[in-house]
Amino acid sequence: MITSEVKDSTNQVFKINELSKDHISIIKLWATWCTPCIETMPKFQRLKEQYEWNKHIKFYTVSLDHKFDHWIEMIRKRDWKVDHYYAGSNSKSQIYQLAYEVIEQMVTIALPNYVVLDRNGKLKENIITDGNAETVLNELLITILK
Numbered sequence: 001m002i003t004s005e006v007k008d009s010t011n012q013v014f015k016i017n018e019l020s021k022d023h024i025s026i027i028k029l030w031a032t033w034c035t036p037c038i039e040t041m042p043k044f045q046r047l048k049e050q051y052e053w054n055k056h057i058k059f060y061t062v063s064l065d066h067k068f069d070h071w072i073e074m075i076r077k078r079d080w081k082v083d084h085y086y087a088g089s090n091s092k093s094q095i096y097q098l099a100y101e102v103i104e105q106m107v108t109i110a111l112p113n114y115v116v117l118d119r120n121g122k123l124k125e126n127i128i129t130d131g132n133a134e135t136v137l138n139e140l141l142i143t144i145l146k
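For the sequence shown, the working numbering gives the first residue as 1, with consecutive numbering after it.
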C-alpha cells in the first residue's frame, strides 16, 4: 500500500492510499524541470477526459520537485485540468522511490513515470514509457475495466 503523504496547492496534506480509496488511480509522477513531463501533460489530461464518465477511475499528478513554489507556479501558469499534488524530493518517500527505482534498474530518466493503484491504494503497475504512455495506460484500463 502506498501511504506517502502529498500536499495540494493549499498545503493540505493527504495520504496517497486515502486519495485512491474506492478508485483505480492513475498517477503521473513528474517534475517542473522535466521537459518530457511538461510536453506529455496535455496527453495525460486528454486520457483523463476520455475516462471522466467512469467515477471509479481517478487521474492525478504528483510532483517530485525540490521546491513547492516552483511546482505551484508551473501548475498555475499552465492551468492543466487535472488534480495536482506535491510529494517533494524526499528520497525516503514510497512515491519518490517508485520513480527512482526504475532509474536504478534501467539506468534512464524515470520521469514522467505512471503509477496505477487499485481501489485499496496498492501498487498494480509502475510504468515508464518512451512517449506513448497514453496508449499503454489506455490498454491497461481497457483490461482492468473488463
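Where is the CB? At the ideal position from N, CA and C, for every residue including glycine.
Open item on the list: Taking the straight line between their C-alpha atoms, what separation do you get for Lys15 and Thr3?
Closed with: Mapped onto the sequence shown, residue 15 falls at position 15. Mapped onto the sequence shown, residue 3 falls at position 3. So the two alpha carbons sit approximately 5 angstroms from each other.
Open item on the list: Let's test the definition: count the other Cβ atoms within 10 Å of the Cβ of Met41 and tell me whether it reaches 16, buried, or not, exposed.
Closed with: On the sequence shown, residue 41 is found 41 positions in, with the first residue counted as 1. Buried is the call here.
- [ ] Quick one: using the 10 Å Cβ neighbour count with 16 as the cut-off for buried, is Thr61 buried or exposed?
- [x] Counting from 1 along the sequence shown, the entry for residue 61 is found at position 61. Classification for Thr61: buried.
Open item on the list: Quick check: the Cα distance between Lys58 and His84, rounded to an integer number of angstroms?
Closed with: Locating residue 58 in the sequence shown gives position 58, where the first residue counts as 1. Locating residue 84 in the sequence shown gives position 84, where the first residue counts as 1. When rounded, the distance between both Cα atoms is 12 angstroms.
- [ ] Confirm, please, whether the CB-CB distance from Ser63 to Trp53 is below 7 angstroms.
- [x] Sequence index remark: in the sequence shown, residue 53 carries index 53 (1-based). Sequence index remark: in the sequence shown, residue 63 carries index 63 (1-based). Not a contact, by the Cβ cut-off of 7 angstroms.
Task: Contact set for Ser89: own chain, Cβ-Cβ below 8 angstroms, skip 5 residues either direction - done: Here residue 89 corresponds to residue number 89 of the sequence shown, with the count starting at 1. Hits under 8 angstroms: Leu64, Asp65, His66 and Tyr96.
Open item on the list: Give me the residue from Gln12, Lys48, Gly121 and Asn17 with the minimum Cα distance to Thr135.
Closed with: For this step, residue 135 is matched to residue 135 along the sequence shown. Closest by alpha carbon: Lys48.
TODO: Starting from the Cα of Arg46, find the closest Cα among Asn138, Asp22 and Ile144 and give me that residue.
DONE: Position 46 of the sequence shown holds residue 46. The shortest Cα separation from Arg46 among Asn138, Asp22 and Ile144 belongs to Asn138.
Task: From Ser25, Ser93 and Asp79, residue whose alpha carbon lies closest to that of Ile38 - done: Within the sequence shown, the letter at position 38 stands for residue 38. Relative to the Cα of Ile38, the nearest Cα in the group Ser25, Ser93 and Asp79 belongs to Asp79.
Task: Helix, strand or coil at Thr135 according to DSSP, with G and I counted as helix - done: As a first step, residue 135 is located in the sequence shown; it is residue number 135 there, counting from the start. Residue state, collapsed to three classes: helix.
Task: Test item: CB-CB of Ser25 and Leu117 under 7 angstroms - done: Counting from 1 along the sequence shown, the entry for residue 25 is found at position 25. Counting from 1 along the sequence shown, the entry for residue 117 is found at position 117. Result yes, Cβ atoms of Ser25 and Leu117 sit closer than 7 angstroms.
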